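*Asks:* Chain order of the listed sequences is A and B.
224 is the number that the numbering used here gives to position 221 of the first sequence; each next residue is one higher, with no gaps.
40 is the number that the numbering used here gives to position 37 of the second sequence; each next residue is one higher, with no gaps.
Before I ask anything, here is the structure I am working with.
2 protein chains.
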Amino acid sequence: MIEERKLAVLRAIIQDYVETSEPVGSKALVERHSLGVSPATVRNDMAALEEEGYISQPHTSAGRVPTDAGYRMFVDRLTSVKPMSSAERRAVQAFLEGAVDLDDIVLRTVRLLAQLTRQVAVVQYPSLTKSRVRHVELVGVSPRRLMVVVITTTGRVEQRLIDMTVEVDDDSVAQLRTTINQAASGRLLTEVPDALDSVVPSFHAELRPAVTAVVSTLLESLVEESEERLVLAGTANLALFGADFSTSIQPVLEALEEQVVLLHLLGEVAVPSQVSVRIGHELPVERLTATSLVTASYGEEAAGRLGVLGPTRMDYPGTMAAVAAVARYVGRYLEESS
Amino acid sequence: MIEERKLAVLRAIIQDYVETSEPVGSKALVERHSLGVSPATVRNDMAALEEEGYISQPHTSAGRVPTDAGYRMFVDRLTSVKPMSSAERRAVQAFLEGAVDLDDIVLRTVRLLAQLTRQVAVVQYPSLTKSRVRHVELVGVSPRRLMVVVITTTGRVEQRLIDMTVEVDDDSVAQLRTTINQAASGRLLTEVPDALDSVVPSFHAELRPAVTAVVSTLLESLVEESEERLVLAGTANLALFGADFSTSIQPVLEALEEQVVLLHLLGEVAVPSQVSVRIGHELPVERLTATSLVTASYGEEAAGRLGVLGPTRMDYPGTMAAVAAVARYVGRYLEESS
DNA sequence: GACTGGCACTCACCGGCAGCGAGTGCCAAG
DNA sequence: CTTGGCACTCGCTGCCGGTGAGTGCCAGTC
Numbered sequence: 004m005i006e007e008r009k010l011a012v013l014r015a016i017i018q019d020y021v022e023t024s025e026p027v028g029s030k031a032l033v034e035r036h037s038l039g040v041s042p043a044t045v046r047n048d049m050a051a052l053e054e055e056g057y058i059s060q061p062h063t064s065a066g067r068v069p070t071d072a073g074y075r076m077f078v079d080r081l082t083s084v085k086p087m088s089s090a091e092r093r094a095v096q097a098f099l100e101g102a103v104d105l106d107d108i109v110l111r112t113v114r115l116l117a118q119l120t121r122q123v124a125v126v127q128y129p130s131l132t133k134s135r136v137r138h139v140e141l142v143g144v145s146p147r148r149l150m151v152v153v154i155t156t157t158g159r160v161e162q163r164l165i166d167m168t169v170e171v172d173d174d175s176v177a178q179l180r181t182t183i184n185q186a187a188s189g190r191l192l193t194e195v196p197d198a199l200d201s202v203v204p205s206f207h208a209e210l211r212p213a214v215t216a217v218v219s220t221l222l223e224s225l226v227e228e229s230e231e232r233l234v235l236a237g238t239a240n241l242a243l244f245g246a247d248f249s250t251s252i253q254p255v256l257e258a259l260e261e262q263v264v265l266l267h268l269l270g271e272v273a274v275p276s277q278v279s280v281r282i283g284h285e286l287p288v289e290r291l292t293a294t295s296l297v298t299a300s301y302g303e304e305a306a307g308r309l310g311v312l313g314p315t316r317m318d319y320p321g322t323m324a325a326v327a328a329v330a331r332y333v334g335r336y337l338e339e340s341s
Numbered sequence: 004m005i006e007e008r009k010l011a012v013l014r015a016i017i018q019d020y021v022e023t024s025e026p027v028g029s030k031a032l033v034e035r036h037s038l039g040v041s042p043a044t045v046r047n048d049m050a051a052l053e054e055e056g057y058i059s060q061p062h063t064s065a066g067r068v069p070t071d072a073g074y075r076m077f078v079d080r081l082t083s084v085k086p087m088s089s090a091e092r093r094a095v096q097a098f099l100e101g102a103v104d105l106d107d108i109v110l111r112t113v114r115l116l117a118q119l120t121r122q123v124a125v126v127q128y129p130s131l132t133k134s135r136v137r138h139v140e141l142v143g144v145s146p147r148r149l150m151v152v153v154i155t156t157t158g159r160v161e162q163r164l165i166d167m168t169v170e171v172d173d174d175s176v177a178q179l180r181t182t183i184n185q186a187a188s189g190r191l192l193t194e195v196p197d198a199l200d201s202v203v204p205s206f207h208a209e210l211r212p213a214v215t216a217v218v219s220t221l222l223e224s225l226v227e228e229s230e231e232r233l234v235l236a237g238t239a240n241l242a243l244f245g246a247d248f249s250t251s252i253q254p255v256l257e258a259l260e261e262q263v264v265l266l267h268l269l270g271e272v273a274v275p276s277q278v279s280v281r282i283g284h285e286l287p288v289e290r291l292t293a294t295s296l297v298t299a300s301y302g303e304e305a306a307g308r309l310g311v312l313g314p315t316r317m318d319y320p321g322t323m324a325a326v327a328a329v330a331r332y333v334g335r336y337l338e339e340s341s
């Protein structure tokens with residue numbers, strides 16, 4: 004168990020360290036915060052905190068620095084997620100106002116988040132697995148080539164060209180279009196393949212192989228590929244914190260470029276509805292162990308996720324508030340415009 | 004005028020400096036290169052080169068460092084653009100092989116370029132102004148909502164939803180589709196608005212306003228917006244050269260995020276068909292004056308541009324070769340697959 | 001006239017050293 | 001349990017002299 008004052012000391016250390024990025028000592032601490040006790044007492048508490056692994060000394064006779072565990076404790080014991088200023092709220096709304104399409108919404112969101120937190124922001128496109136089909140359109144662009152366009156309830160439009168092994172005439176295309184729409188409209192994308200399977204037998208035998216192969220391949224690839232769309236912003240902010248990364252920011256930038264890594268991280272969360280914070284070594288990626296990731300879901304049924312990546316020495320309350328607020332606003336905005 | 008040997012000395016200085024990133028002195032120079040003269044002679048040449056502004060000393064009694072003008076001279080007087088190794092050629096082909104659609108081609112290209120040059124790579128999507136319409140598809144997704152899909156000869160597919168002021172029935176949509184395709188197929192996107200204007204009178208008066216407004220707005224926005232698509236890769240490579248940037252890589256990363264800046268730079272080139280090299284202060288962007296940009300066009304009629312951004316201390320011959328080769332291969336690949 | 005060897009000079013860089021000061025742990029007293 | 005006091009640690013800064021790579025200049029040679 005941890006006593007109240009020790010926690011206060013930890014909070015004060017983190018607060019100062021986040022601000023100055025320098026190890027903080029007992030004397031400076033009591034001067035800057037009204038802890039109501041003497042430096043010596045604080046020293047005792049600090050010794051205890053170090054014993055318990057929440058803080059550490061870079062070298063003997065230097066101040067203390069929070070460890071990952073220290074930040075973790077701090078975040079878990081956060082009393083109040085500080086609300087955003089009304090100026091910030093207005094900024095958020097103004098920023099999202101006037102977005103013209105989904106791409107635009109996502110772009111504005113990610114930039115907003117980067118600007119608000121002065122960190123790297125990442126936004127995942129609304130997952131197609133959780134959105135529903137609004138309409139499917141088939142277009143024969145040439146005798147053996149078909150284009151399929153899927154419009155989802157989240158406003159996303161995906162298209163793909165398919166080379167056919169047999170020629171398909173316009174009437175068949177029209178029939179296929181109608182049938183597919185009847186079967187697929189309103190369904191979750193994940194349900195669509197099954198729905199379509201049950202539809203295949205209704206076609207002339209000669210068309211069937213083409214229909215099956217083409218449509219199912221298409222939908223699979225849609226679901227897969229569309230999962231992996233991410234947008235980043237604010238990578239330049241990383242350079243501001245260059246000193247926080249023992250070696251260089253290079254590995255971090257690398258990891259960010261491999262979007263697979265980020266997608267994994269966004270996906271792995273215990274309680275999807277809450278703001279999730281993963282700190283330093285809690286991230287299962289070697290190159291990111293000097294960073295923390297704050298994420299949240301947005302939209303209905305957690306359609307997508309967004310987050311902020313920064314050095315472990317970050318302003319957690321502020322970042323968490325920003326992430327939560329932006330997720331909320333974007334979710335609302337998406338619902339309105341759909 | 005510049006004599007042959009002075010040029011050789013400049014070449015040697017640049018070569019060594021690019022390799023070591025340290026000021027290079029006269030003695031080391033004659034040791035590493037067989038210039039056939041003594042250090043003293045080289046010193047005289049170096050003094051002259053400095054006089055002419057091609058090299059400079061960071062401080063008295065240090066070696067020389069090439070200036071922007073030095074790199075410029077070096078690049079202009081390049082005798083041979085060194086060809087890529089056959090291993091590299093194979094890598095290029097293997098990398099592009101198997102791309103499934105335009106997005107994939109662009110993505111693979113930009114990654115390839117980043118990997119080949121160990122620098123930041125940027126690829127602009129093929130410009131729609133220079134590509135032609137292959138097919139236009141109209142879909143009524145709801146009574147007052149129309150989706151338009153444009154497929155271009157460069158393999159690009161753009162779609163947009165349009166809210167209509169009046170209801171349009173399916174027959175009208177079909178008629179519109181046919182007419183538009185007749186008018187637009189095979190034309191440059193820039194010609195399409197005019198072509199469509201001449202088509203409007205053929206519709207019933209009541210439909211006309213909707214047709215005009217919707218279609219022309221659509222096409223305009225298509226041309227505008229599609230111009231501004233860029234893909235980046237290899238930003239992590241910037242961190243490798245952190246020392247080359249006097250302050251930090253932050254301003255560079257910032258500039259990269261503002262895609263407008265890059266688009267401008269890609270657009271401004273004297274001779275579009277050649278590889279263009281802009282060095283340091285030749286770039287009209289303050290934040291990028293510590294970098295050089297090597298660009299080239301690819302595809303028919305210079306459909307798009309691509310390039311590489313790195314510190315002025317870069318391997319120009321190698322980068323130029325890579326940029327030229329990748330541009331050539333991608334151009335070829337696009338033609339084949341269209 | 002062009003090249004070369006020699007020479008004096010500059011100056012960044014390195015290692016050692018001393019002084020400073022922020023910070024610590026411990027202890028004895030309140 | 002808290003506090004003031006005290007001795008101790010150790011990173012940081014500044015100073016200093018030596019070293020060496022590099023330079024410019026000059027006089028001699030081909």
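Even for Gly, the Cβ is constructed at its ideal location relative to N, Cα and C.
For clarity, every value in this text was computed on a predicted model and none was experimentally measured.
1. Identify every run of the beta strand (DSSP E) within the segment 90-166 of chain A, keeping only runs that are complete inside it and at least 3 residues long; order them along the chain.
2. Would you call the segment 85-92 of chain A and the segment 31-43 of chain A touching, i.e. three or more CB-CB distances under 8 angstroms?
3. Step through the CB atoms of chain B and report whether any lies within less than 8 angstroms of the CB of G101(A).
4. For T156(B), return the contacting residues in chain A, with the cut-off set at a CB-CB distance below 7 angstroms.
5. Counting C-beta neighbours from all protein chains within 10 Å, is the total for V263(A) 16 or more, i.e. buried, or is it exposed?
6. Where S295(B) and M323(B) are concerned, what is the direct C-alpha to C-alpha distance, given to the nearest angstrom?
7. Compute the minimum distance between the beta carbon of V109(B) and the heavy atoms of the ligand GDP, and state whether it is under 7 angstroms.
8. Could you tell me whether the Cβ atoms of D173(B) and G143(B) are closer together than 8 angstroms?
9. From which residue to which residue does the beta strand (DSSP E) around R67(A) run?
10. In chain B, which residues lie less than 7 angstroms from V136(A) when you measure between Cβ atoms?
11. Can you tell me whether E344(A) is buried or exposed? The criterion is at least 16 other CB atoms within 10 Å of its CB, across all chains shown.
12. Would you check if the segment 43-55 of chain B and the segment 295-313 of chain B touch, i.e. whether three or more CB-CB distances between them fall below 8 angstroms?
13. I need the DSSP call for Y57(A), collapsed to helix, strand or coil.
14. Go ahead and pull the three-state DSSP assignment for P307(B).
15. Is there a Cβ of chain A sitting closer than 8 angstroms to that of I252(B), yes or no?
16. Taking 7 angstroms as the limit between beta carbons, can you name the residues of its chain near Y20(B), skipping five residues before and five after?
17. Would you say V142(B) faces chain A, with C-beta separation under 8 angstroms as the test?
18. If we define contact as Cβ-Cβ less than 8 angstroms, is T315(B) a contact residue for chain A?
19. Hey, I282(A) and Y57(A): beta-carbon distance below 8 angstroms or not?
20. Going straight from the alpha carbon of T238(A) to that of H36(B), what length do you get?
21. Give a yes or no on contact between the segment 305-315 of chain A and the segment 118-135 of chain A, applying the rule of three or more CB pairs nearer than 8 angstroms.
22. Run down chain B in chain order and give the residues with a C-beta less than 9 angstroms from the C-beta of M150(A).
23. With 16 as the cutoff for other CB atoms within 10 Å, does P254(B) come out buried or exposed?
24. Look up M4(A) in the DSSP assignment and say whether it is helix, strand or coil.
25. Can you name, in chain order, every residue of its own chain whose Cβ lies under 7 angstroms from the Cβ of L179(B), other than the five neighbours on each side?
26. What separation, rounded to the nearest whole angstrom, lies between the Cα atoms of E170(A) and S201(A)?
27. Quick one: does G245(B) have its CB under 8 angstroms from some CB of chain A?
28. Let me know if P314(B) comes out buried or exposed under the rule of 16 or more other beta-carbons within 10 Å of its beta-carbon.
29. V297(A) lies in the beta strand (DSSP E); which residues open and close that run?
30. Cα separation between L119(B) and A325(B)?
31. Name, please, each residue of chain A whose Cβ falls closer than 7 angstroms to the Cβ of E257(B).
32. Three-state secondary structure (DSSP) at A236(A)?
33. Give me the DSSP bridge partner(s) of I282(A).
34. Check V27(B) in the structure and name its three-state DSSP category.
35. Which partner residues of P314(B) appear in the DSSP bridge assignment?
36. Apart from the five residues just before and just after F248(A), which ones in its own chain have a Cβ nearer than 6 angstroms to its Cβ?
*Replies:* Here's the rundown:
1. DSSP runs (the beta strand (DSSP E)) wholly in the segment 90-166 of chain A: 123-127, 136-145, 148-155 and 160-166.
2. Judged by Cβ distances under 8 angstroms, the segment 85-92 of chain A makes no contact with the segment 31-43 of chain A, as fewer than three pairs qualify.
3. Along the first sequence, read from residue 1 onward, the residue named residue 101(A) stands at position 98. Not a single C-beta of chain B is nearer than 8 angstroms to the C-beta of G101(A).
4. If you number the second sequence from 1, residue 156(B) lands on position 153. Neighbours of T156(B) on chain A: none; closest Cβ ~11 angstroms, over 7 angstroms.
5. To locate residue 263(A), count along the first sequence from 1; it is residue 260. Around the CB of V263(A), fewer than 16 other CB atoms lie within 10 Å, so the residue is classed as exposed.
6. To locate residue 295(B), count along the second sequence from 1; it is residue 292. To locate residue 323(B), count along the second sequence from 1; it is residue 320. In a straight line, the C-alpha of S295(B) is about 11 angstroms away from that of M323(B).
7. Looking at this structure, you won't find the ligand GDP or any other ligand, since it has none at all.
8. Numbered from its first residue, the second sequence carries residue 173(B) at position 170. Numbered from its first residue, the second sequence carries residue 143(B) at position 140. In contact: D173(B) and G143(B) (Cβ atoms closer than 8 angstroms).
9. For this step, residue 67(A) is matched to residue 64 along the first sequence. Boundaries for R67(A): no beta strand (DSSP E) harbours it, and the DSSP string shows neither H nor E there.
10. What you label residue 136(A) is simply residue 133 of the first sequence in a count that begins at 1. In chain order: nothing, as chain B lies at least about 11 angstroms away.
11. In the structure as shown, chain A begins at 4 and stops at 341. Residue 344(A) is therefore absent and cannot be evaluated.
12. As far as the Cβ criterion goes, the segment 295-313 of chain B does not touch the segment 43-55 of chain B, which means the pair count is below three.
13. Residue 57(A) sits at position 54 when you count from the first residue of the first sequence. Three-state DSSP puts Y57(A) in coil, outside helix and strand.
14. Translated into the one-based positions of the second sequence, residue 307(B) becomes position 304. In the sequence as displayed, the identity of residue 307(B) is Gly instead of Pro. Looking at G307(B) - three-state DSSP - the assignment turns out to be strand.
15. Residue 252(B) sits at position 249 when you count from the first residue of the second sequence. Interface residue, yes.
16. Counted from its first residue, the second sequence places residue 20(B) at position 17. Counting only residues of its own chain and dropping the five nearest sequence neighbours on each side, Y20(B) has a CB closer than 7 angstroms to the CB of V27, V68, P69 and R316.
17. In the second sequence, residue 142(B) corresponds to position 139, counting from 1. At least one chain A Cβ lies under 8 angstroms of V142(B).
18. As a position in the second sequence, residue 315(B) is number 312, starting the count at 1. T315(B) does not count as touching chain A.
19. Translated into positions along the first sequence, residue 282(A) becomes position 279. Translated into positions along the first sequence, residue 57(A) becomes position 54. For the 8 angstroms CB-CB criterion, I282(A) and Y57(A) do not form a contact.
20. Locating residue 238(A) in the first sequence gives position 235, where the first residue counts as 1. Locating residue 36(B) in the second sequence gives position 33, where the first residue counts as 1. T238(A) and H36(B): Cα-Cα distance of roughly 41 angstroms.
21. Of all C-beta pairs linking the segment 305-315 of chain A to the segment 118-135 of chain A, three or more are shorter than 8 angstroms, placing the two stretches in contact.
22. Translated into positions along the first sequence, residue 150(A) becomes position 147. Within 9 angstroms Cβ-Cβ: H138, E140, V152, I154 and V160.
23. In the second sequence, the residue the question calls residue 254(B) occupies position 251. Buried is the call here.
24. For the purposes of this step, residue 4(A) is taken as residue 1 along the first sequence, with counting starting at 1. Model confidence at M4(A) stands at a pLDDT of 46, short of 50, so the residue's coordinates are unreliable and nothing is read from them.
25. Translated into positions along the second sequence, residue 179(B) becomes position 176. Same-chain partners within the cutoff: L141 and V214.
26. Working through the first sequence from its first residue, we reach residue 170(A) at position 167. Working through the first sequence from its first residue, we reach residue 201(A) at position 198. The straight-line gap from Cα to Cα measures roughly 23 angstroms.
27. Locating residue 245(B) in the second sequence gives position 242, counting from the first residue. The beta carbon of G245(B) falls within 8 angstroms of a beta carbon belonging to chain A, placing the residue at that interface.
28. In the second sequence, residue 314(B) corresponds to position 311, counting from 1. So P314(B) ends up on the buried side.
29. Against the first sequence, residue 297(A) aligns to sequence position 294. Where V297(A) is concerned, the enclosing beta strand (DSSP E) stretches over T294 to Y301.
30. Working through the second sequence from its first residue, we reach residue 119(B) at position 116. Working through the second sequence from its first residue, we reach residue 325(B) at position 322. Across the structure, L119(B) and A325(B) are spaced so that their CA atoms are roughly 7 angstroms apart.
31. Indexing the second sequence from 1 puts residue 257(B) at position 254. Within 7 angstroms Cβ-Cβ: A239.
32. Numbered from its first residue, the first sequence carries residue 236(A) at position 233. The answer is strand: DSSP assigns A236(A) an E or B state.
33. Locating residue 282(A) in the first sequence gives position 279, where the first residue counts as 1. Per DSSP, S295(A).
34. As a working note, residue 27(B) is residue 24 in the second sequence. V27(B) carries a strand assignment under DSSP once its states are collapsed to helix, strand and coil.
35. Counting from 1 along the second sequence, the entry for residue 314(B) is found at position 311. BP columns for P314(B) point to T294(B).
36. Here residue 248(A) corresponds to residue number 245 of the first sequence, with the count starting at 1. Its chain contains A293 as the residues whose beta carbon lies nearer than 6 angstroms to that of F248(A), once the 5 sequence neighbours on both sides are disregarded; these appear in chain order.
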